[in-house]
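Working notes for the structure below.
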Amino acid sequence: EAGVTQFPSHSVIEKGQTVTLRCDPISGHDNLYWYRRVMGKEIKFLLHFVKESKQDESGMPNNRFLAERTGGTYSTLKVQPAELEDSGVYFCASSPLWGPGTDTQYFGPGTRLTVL
Amino acid sequence: AQRVTQPEKLLSVFKGAPVELKCNYSYSGSPELFWYVQYSRQRLQLLLRHISRESIKGFTADLNKGETSFHLKKPFAQEEDSAMYYCALSGTGFQKLVFGTGTRLLVSP
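Chains W and E are the protein sequences, given in the same order.
Using the numbering used here, read the first sequence as starting at 142 and increasing by one per residue.
Using the numbering used here, read the second sequence as starting at 270 and increasing by one per residue.
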């Protein structure tokens, strides 16, 4: 079974540009989470989808960040316009709503974003 | 406030030595505690959780509610244990994980 996948693995953009990160959760996982690790700091929660609905977006830093999960499958996280402090590694995680493994979040490999 | 504290950024031990990675937490309620591990060039993965009371790869962790701690222990470290270890907590239900800053464990031969 394929794990959580994220695209791209790396992205280098200039300040003011737009970047869209994509996450494909494990098939059948209705919970989808976005996290971010800024250099030298802890991994921080951004938001949580249950299917296509935003369950908790308390960690979104500001309105330059827009997350979507149309159809309840893959999710995108758009940063527009990007700022220097947005640099970091963005992780996606998923978990099922029912059955075994509901208390385990399965992480993707992350997208390393560098804003110059 | 929800907080996880891992006081050590780096823990360096020799193979065969005991290991203890410290984790303290702050949470108003009954949290679920986890240890996640990231090996070199691999993704973050769950190592163990307190509710399972299991031993994974020789590691154990006991939740001490009085001291609000969830330290990770292994009696005899192996070189393949070298990795980044993150302590994390969440509330009940499908809630976000709150992570510590992580401890890098380096096991030398």
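C-beta: ideal position from N, C-alpha, C; glycine also.
Under the Cβ distance rule, Lys365 of chain E counts among the residues neighbouring chain W, one pair being separated by less than 8 Å.
Per the coordinates, the alpha-carbon of Ser324 of chain E lies some 7 Å from the alpha-carbon of Leu317 of chain E. Neighbours of Ile167 of chain W across chain E, judged by C-beta separation under 8 Å, do not exist; the nearest C-beta is about 12 Å away.
Per DSSP, reduced to three states, the secondary structure at Asp227 of chain W is helical.
The C-alpha of Thr370 of chain E is placed about 18 Å away from the C-alpha of Asp227 of chain W.
The straight-line gap separating the alpha-carbon atoms of Phe206 of chain W and Gln221 of chain W is approximately 7 Å. Asp171 of chain W: not part of any beta strand (DSSP E); DSSP gives it neither H nor E. Between Thr372 of chain E and chain W, the shortest Cβ-Cβ separation is not below 8 Å.
With fewer than 16 other CB atoms across the displayed protein chains lying within 10 angstroms of its CB, Gly212 of chain W is exposed. In the DSSP assignment, Leu218 of chain W forms a beta bridge with W:Leu162, W:Ala208.
Cβ contact annotation for Pro149 of chain W (same chain, cutoff 7 Å, sequence separation greater than five): Thr252, in chain order. The continuous beta strand (DSSP E) containing Asp197 of chain W extends over residues 194-197. Segment contact: the region 340-347 of chain E against the region 239-251 of chain W, fewer than three CB-CB distances shorter than 8 Å; contact not assigned.
By the beta-carbon neighbour count (other beta carbons within 10 angstroms, threshold 16), Tyr294 of chain E is buried.
With a threshold of 16 other beta carbon atoms within 10 Å, Gly229 of chain W meets it and is buried. Not one beta carbon of chain E lies nearer than 8 Å to the beta carbon of His151 of chain W. Per DSSP, the beta-bridge partners of Gln147 of chain W are W:Cys164. Contact between the region 307-322 of chain E and the region 348-356 of chain E is present: three or more C-beta pairs spanning the two stretches fall below 8 Å. Against chain W, a Cβ distance below 7 Å from Leu315 of chain E picks out Thr245.
Here the alpha carbons of Thr159 of chain W and Asp331 of chain E stand approximately 45 Å from one another.
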